[in-house]
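If you read the sequences in order, they're chains C and Z. So the mapping is simple: my numbering equals the position in the first sequence, first residue as 1, plus 19. So the mapping is simple: my numbering equals the position in the second sequence, first residue as 1, plus 71.
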Amino acid sequence: KAGVTQTPRYLIKTRGQQVTLSCSPISGHRSVSWYQQTPGQGLQFLFEYFSETQRNKGNFPGRFSGRQFSNSRSEMNVSTLELGDSALYLCASSPEPGRDYGYTFGSGTRLTVV
Amino acid sequence: AQSVTQLGSHVSVSEGALVLLRCNYSSSVPPYLFWYVQYPNQGLQLLLKYTTGATLVKGINGFEAEFKKSETSFHLTKPSAHMSDAAEYFCAVSDTSGTYKYIFGTGTRLKVLA
Numbered sequence: 020k021a022g023v024t025q026t027p028r029y030l031i032k033t034r035g036q037q038v039t040l041s042c043s044p045i046s047g048h049r050s051v052s053w054y055q056q057t058p059g060q061g062l063q064f065l066f067e068y069f070s071e072t073q074r075n076k077g078n079f080p081g082r083f084s085g086r087q088f089s090n091s092r093s094e095m096n097v098s099t100l101e102l103g104d105s106a107l108y109l110c111a112s113s114p115e116p117g118r119d120y121g122y123t124f125g126s127g128t129r130l131t132v133v
Numbered sequence: 072a073q074s075v076t077q078l079g080s081h082v083s084v085s086e087g088a089l090v091l092l093r094c095n096y097s098s099s100v101p102p103y104l105f106w107y108v109q110y111p112n113q114g115l116q117l118l119l120k121y122t123t124g125a126t127l128v129k130g131i132n133g134f135e136a137e138f139k140k141s142e143t144s145f146h147l148t149k150p151s152a153h154m155s156d157a158a159e160y161f162c163a164v165s166d167t168s169g170t171y172k173y174i175f176g177t178g179t180r181l182k183v184l185a
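Below is the structure:
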């Protein structure tokens, strides 16, 4: 069974540009969450999608957005990139929203903003 | 609001020695707790989870954790460390404020000495 697939694995962007990251959840999983991991702030929740609807959003500026498609695949977009956006972005999936599932994480996309 | 504290950002053990990684949580309701492991340049892998029921939870790779409500702890242990256990370990609690996001601790980097 394929795991959570994130593409691309690595990205280098320039300040002011925008970027789109992609996540394909495990087959049958309909809930997708995104987290940002940095050395300074650790792992922080970005947003959660279920049935193409954003259910929750973390404390990030409006430059961070996302969406989910009918096949449960998800994308997140960061516009007007800042140096501080350099991070590992992790996508996680579960069958549906719920406290007890235990999310399955992808290997992440490492974004470097120069 | 929930929170997680991991004592010790770095832990070193000798190969074959006991591994003990500490996690304390704060939650106003019965918590759902998780331990994840992250290898270099990888995503997070679920080691084990506590939702309800038995307080001693066994996970993958020989790890186990015990939920102690009176001590608000969920420490991770492994009787005998292997070199392959060297990684970063994260404790997480599932939010109860209406989202299912995870609140992660700051992580503990485990070093295994030959």
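In this text, a Cβ means the ideal position worked out from N, Cα and C, and glycines have one as well.
For Ala-133 of chain Z, which three-state DSSP category applies?
-> Your numbering for residue 133 of chain Z matches position 62 in the second sequence. Reading off the sequence shown, one finds Gly at residue 133 of chain Z, where the question assumed Ala. It is helical.
Going by other Cβ atoms of all chains shown within 10 Å of its Cβ, with 16 needed for buried, is Ser-50 of chain C buried or exposed?
-> By one-based count along the first sequence, residue 50 of chain C stands at place 31. Result: buried.
Please go through the same chain and pick out, in chain order, the residues whose beta-carbon is closer than 6 angstroms to the beta-carbon of His-81 of chain Z, but skip the five residues on each side of it.
-> As a first step, residue 81 of chain Z must be located in the second sequence, where it is residue number 10. Arg-180, listed in sequence order.
Could you tell me whether the Cβ of Phe-175 of chain Z comes closer than 8 angstroms to any Cβ of chain C?
-> As a working note, residue 175 of chain Z is residue 104 in the second sequence. Chain C contact via Cβ: present.
Taking only runs that begin and end inside the stretch 23-63 of chain C, name each unbroken alpha helix (DSSP H) of 4 or more residues, in chain order.
-> none
Span separating the alpha-carbon of Ala-163 of chain Z from that of Lys-139 of chain Z = Numbered from 1 along the second sequence, position 92 holds the residue referred to as residue 163 of chain Z. Numbered from 1 along the second sequence, position 68 holds the residue referred to as residue 139 of chain Z. Distance between the alpha carbons of Ala-163 of chain Z and Lys-139 of chain Z is about 15 angstroms.
C-alpha gap between Phe-79 of chain C and Ala-185 of chain Z, whole angstroms = For the purposes of this step, residue 79 of chain C is taken as the residue at position 60 of the first sequence. For the purposes of this step, residue 185 of chain Z is taken as the residue at position 114 of the second sequence. Roughly 43 angstroms separates the two Cα atoms.
Name the DSSP bridge partner or partners of Cys-110 of chain C?
-> In the first sequence, residue 110 of chain C corresponds to position 91, counting from 1. According to DSSP, which records beta bridges pairwise, Cys-110 of chain C is partnered with C:Trp-53.
Distance, Cα to Cα, Thr-33 of chain C vs Arg-82 of chain C?
-> Locating residue 33 of chain C in the first sequence gives position 14, where the first residue counts as 1. Locating residue 82 of chain C in the first sequence gives position 63, where the first residue counts as 1. Near 15 angstroms, if we compare the C-alpha coordinates of Arg-82 of chain C and Thr-33 of chain C.
As assigned by DSSP and simplified to three states, the class of Ser-105 of chain C = Here residue 105 of chain C corresponds to residue number 86 of the first sequence, with the count starting at 1. Reduced to three states, the DSSP call for Ser-105 of chain C is coil.
Near Leu-115 of chain Z, which residues of its chain fall below 8 angstroms by C-beta distance, leaving aside the five closest residues on each side in sequence?
-> By 1-based counting over the second sequence, the position of residue 115 of chain Z is 44. Cβ neighbours of Leu-115 of chain Z beyond the five flanking positions: Tyr-107, Val-108, Gln-109 and Phe-161.
Nearest chain Z C-beta to Leu-40 of chain C closer than 8 angstroms, yes or no?
-> The sequence position of residue 40 of chain C within the first sequence is 21, counting from 1. Chain Z contact via Cβ: absent.
Does any residue of chain C bring its CB to less than 8 angstroms from the CB of Thr-122 of chain Z?
-> Here residue 122 of chain Z corresponds to residue number 51 of the second sequence, with the count starting at 1. Yes, contact with chain C.
Contacts around Pro-27 of chain C, its chain only, beta-carbon distance under 7 angstroms, and the 5 residues preceding and following it disregarded = Here residue 27 of chain C refers to the residue found at position 8 when the first sequence is read from its first residue. Counting only Cβ-Cβ distances below 7 angstroms, and skipping sequence neighbours, we find Thr-128.
Below 8 angstroms between beta carbons: does that hold for Glu-71 of chain C and Gly-85 of chain C?
-> As a working note, residue 71 of chain C is residue 52 in the first sequence. As a working note, residue 85 of chain C is residue 66 in the first sequence. No, the pair does not count as a contact, with Cβ atoms beyond the cut-off.
Check whether the Cβ of Gly-61 of chain C lies closer than 8 angstroms to any Cβ atom in chain Z.
-> Here residue 61 of chain C is taken as the residue at index 42 of the first sequence, counted from 1. By this cut-off, Gly-61 of chain C is an interface position.
Is the CB of Ser-97 of chain Z under 8 angstroms away from at least one CB in chain C?
-> The sequence position of residue 97 of chain Z within the second sequence is 26, counting from 1. Ser-97 of chain Z does not count as touching chain C.
Apart from the five residues on each side of it in sequence, which residues of its chain come closer than 6 angstroms, Cβ to Cβ, to Leu-92 of chain Z?
-> Locating residue 92 of chain Z in the second sequence gives position 21, counting from the first residue. Within the same chain, Leu-92 of chain Z has close Cβ partners Leu-147, Tyr-160 and Thr-179.
Measure the Cβ-Cβ separation of Tyr-53 of chain C and Leu-62 of chain C and say whether it is below 8 angstroms.
-> Working through the first sequence from its first residue, we reach residue 53 of chain C at position 34. Working through the first sequence from its first residue, we reach residue 62 of chain C at position 43. This sequence places Trp at residue 53 of chain C; Tyr is not what is there. No, Cβ-Cβ distance for Trp-53 of chain C and Leu-62 of chain C is not below 8 angstroms.
Measure the Cβ-Cβ separation of Leu-109 of chain C and Gln-36 of chain C and say whether it is below 8 angstroms.
-> The residue labelled residue 109 of chain C in the question sits at position 90 within the first sequence. The residue labelled residue 36 of chain C in the question sits at position 17 within the first sequence. The answer is no: Cβ separation not under 8 angstroms.
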